[in-house]
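Under my numbering, think of the first position of the sequence shown as 45, with each following residue one higher. Note that beta-carbon positions come from the ideal geometry of N, C-alpha and C, so glycine has one too. Owing to the predicted nature of the structure, the values given are computational and were not obtained by experimental measurement. This report refers to the structure that appears directly beneath it.
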Amino acid sequence: MKRTKMVGSSDLMPSWFEKFSKISGEIWKQLLLGLKNPGKGLTLDHLQAVVEHRNPFAKSSDVAKSSHSDLISGWRAFYKNHFLMECDFSNLNIPIKPGDDWRLLVIANLSLEQLYAKCKELFSCWRWTDDDLDKKVIWNERDAKKGAYAIWVRDVQEADENLKNLSANGIKEKGMTTETLAERLVHEITFFQETGKHLDVQNITLCAGSCYSDGNIPNVNWNDDKLSVSWYDAGRSVDHLRSREEVSGRKNPT
């Protein structure tokens with residue numbers, strides 16, 4: 045029987061090992077250089093990217109845009125379907141996803157009145173005031189006045205359990221950033237669109253990323269078969285009142 049010569053046979057192995065040895069040695073040199081001089085040489089993240097067949101030198105923002113392209117397309121459709129907006133998110137900066145159980149929210153430049161009106165169109169709503177919400181809310185930790193932005197929030201129906209019994213003042217003291225009222229309304233609409241259900245049927249989201257003109261803090265929950273927009277004192281903390289942490293790196297001046 046004729047024997048077939050296989051790749052990697054003994055006559056090829058010496059040259060293969062020699063080449064592999066040289067490459068391995070250079071990789072070690074580059075890793076050591078990277079440890080001694082951050083920004084130079086190679087890192088373990090570079091090697092991990094190679095193993096996963098990714099570009100090890102791609103910018104993190106480019107990687108994020110590529111890996112989240114379907115999500116971005118979904119948000120374009122969201123704003124077109126609900127608000128007749130043609131959004132260009134090509135320059136959208138998407139932060140690194142904190143973990144598997146986080147969801148992306150993209151916030152476009154819409155007023156609180158527009159967002160509340162859309163909620164009212166989709167389901168029953170109640171709010172504590174008939175005044176213009178955009179005049180009642182005088183401060184937001186973030187807004188889209190200078191362009192749309194993206195944030196990550198935990199993909200959970202009830203507000204973050206680890207933030208229970210923590211007031212808006214406590215959130216500020218810890219240096220944490222949490223959902224604004226606008227972000228919470230966008231979150232409600234997209235959650236309802238995807239599931240037919242509502243956020244916070246047992247607890248209340250404290251929107252510590254926003255503040256009313258009287259110093260009180262907006263809160264949102266689903267109560268008595270309707271969306272409720274109300275307020276709490278900035279220093280109040282109770283078990284069922286919980287903020288929703290966000291990750292974006294974006295923050296307005298205080």
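Per DSSP, reduced to three states, the secondary structure at E290 is strand.
Contact between the stretch 220 to 234 and the stretch 286 to 294 is established, with three or more Cβ pairs separated by less than 8 Å. Contact annotation: the stretch 155 to 174 touches the stretch 258 to 274, with at least three C-beta pairs closer than 8 Å. Listed in chain order, the alpha helix (DSSP H) runs fully inside the stretch 153 to 218 are 156 to 166, 177 to 180 and 212 to 217, counting runs of at least 4 residues. Collapsing the DSSP output to three states places S254 in a strand. Exposure of S59 is indicated by the presence of fewer than 16 other C-beta atoms within 10 angstroms of its C-beta. As DSSP reads the structure, W266 sits in a beta bridge with L271. Non-local C-beta neighbours of I182 in its own chain, meaning closer than 8 Å and more than five positions away in sequence, comprise C255, Y256 and S257, ordered along the chain. Around the beta carbon of H231, 16 or more other beta carbons sit within 10 angstroms, so the residue counts as buried. Residue pairing of L148 in beta bridges, as defined by DSSP: W196.
When C-alpha distances from I248 are compared across T234, W196, G240 and L229, the shortest belongs to L229.
Linking F61 to L75 through their CA atoms gives a straight-line distance of about 21 Å.
Scanning its chain for C-beta atoms nearer than 8 Å, with the 5 sequence neighbours on each side dropped, one finds around W266 the residues H242, L243, D244, V245 and S272, in chain order. Going by DSSP, L136 is part of no alpha helix (DSSP H) at all; its letter is neither H nor E. W72 is not a Cβ neighbour of L148, given a cutoff of 8 Å.
For the pair G279 and N213, the CB atoms are nearer than the 8 Å cut-off. DSSP, read as helix, strand or coil, puts L243 in coil. If you draw a straight line from the Cα of L250 to the Cα of L91, it comes to about 42 Å. By the C-beta density criterion, V94 is exposed, having fewer than 16 other C-beta atoms within 10 angstroms. Secondary structure at T234: helix, using DSSP grouped into helix, strand and coil. Only residues of its own chain outside the window of five on either side were considered, and among them E185, T222, E223 and T224 have a CB closer than 6 Å to the CB of G253, listed in chain order. Scanning W146, K189, K180 and I140 for the CA closest to the CA of A152 turns up K189.
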